[in-house]
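**Q**
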Amino acid sequence: MVVDLHGAAREHDFAVDIGTMKGSSLLGQNHYRDILKSCLTKYDVTPISENKYTVSGNKTITAHVSESLGIPALQLEINKKYRSPNQNPTDYCRVLAALADFVRKVGGGSEALFSPQQNT
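191 is the number of the first residue of the sequence shown in this note's numbering; add one for each residue after it.
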């Protein structure tokens, strides 16, 4: 799973837009989108929209990774409100916590992501 992070202007009517090429970039693994939406909602990063931005053609990371490499991918457009730690520290921490929760859930838990390497 690849998550391509982008920023959106504060004026948009969403906290996060999830771009999946209308689902095709997930390669049938729609549970990734569902888990992400659950994590965002859990941390009150709402409203969430889907596919407001066009994600198509090999000119995007999401399209290239899913179409050429066969890896599920999605593109996140994160509203500026959630990317400004100095102006909105609470919202910044909410989106960070939601994304960390998502990575833990799809990555197999904190042990799988952060275990030190064994020297043998």
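All C-beta atoms, glycine included, are put in the ideal place defined by N, C-alpha and C.
Please report the straight-line C-alpha distance between L216 and M191, rounded to a whole angstrom.
**A** Each residue's Cα considered, the two are about 8 Å apart.
**Q** Judging by CA-CA distance, which residue of Y222, V206 and G218 is the nearest neighbour of G297?
**A** Ranking the options by Cα distance to G297, first place goes to Y222.
**Q** In the DSSP assignment, what residue or residues form a beta bridge with H196?
**A** H196 is bridged to E267.
**Q** What does the alpha-carbon distance come out to for the pair I268 and V206?
**A** So the two alpha carbons sit approximately 5 Å from each other.
**Q** Which residue from H196, Q277 and K212 puts its Cα closest to that of N241?
**A** Checking every option, the nearest Cα to that of N241 belongs to K212.
**Q** Starting from I251, trace the alpha helix (DSSP H) both ways and give me its first and last residue.
**A** Where I251 is concerned, the enclosing alpha helix (DSSP H) stretches over I251 to L259.
**Q** So, is R200 buried or exposed, given that buried needs 16 or more other C-beta atoms within 10 angstroms?
**A** Exposed, because fewer than 16 other Cβ atoms sit within 10 Å of the Cβ of R200.
**Q** Tell me the rounded alpha-carbon separation between H202 and K271.
**A** One C-alpha to the other measures close to 10 Å.
**Q** In the DSSP assignment, what are the bridge partners of S239?
**A** Paired residue(s): D207.
**Q** L266 and I225 look like a contact to me (Cβ under 8 Å); what is the Cβ gap, rounded to whole Å?
**A** About 13 Å separates the two Cβ atoms, so there is no contact after all.
**Q** So for H202, helix, strand or coil by DSSP?
**A** Note: H202 maps to coil in three-state DSSP.
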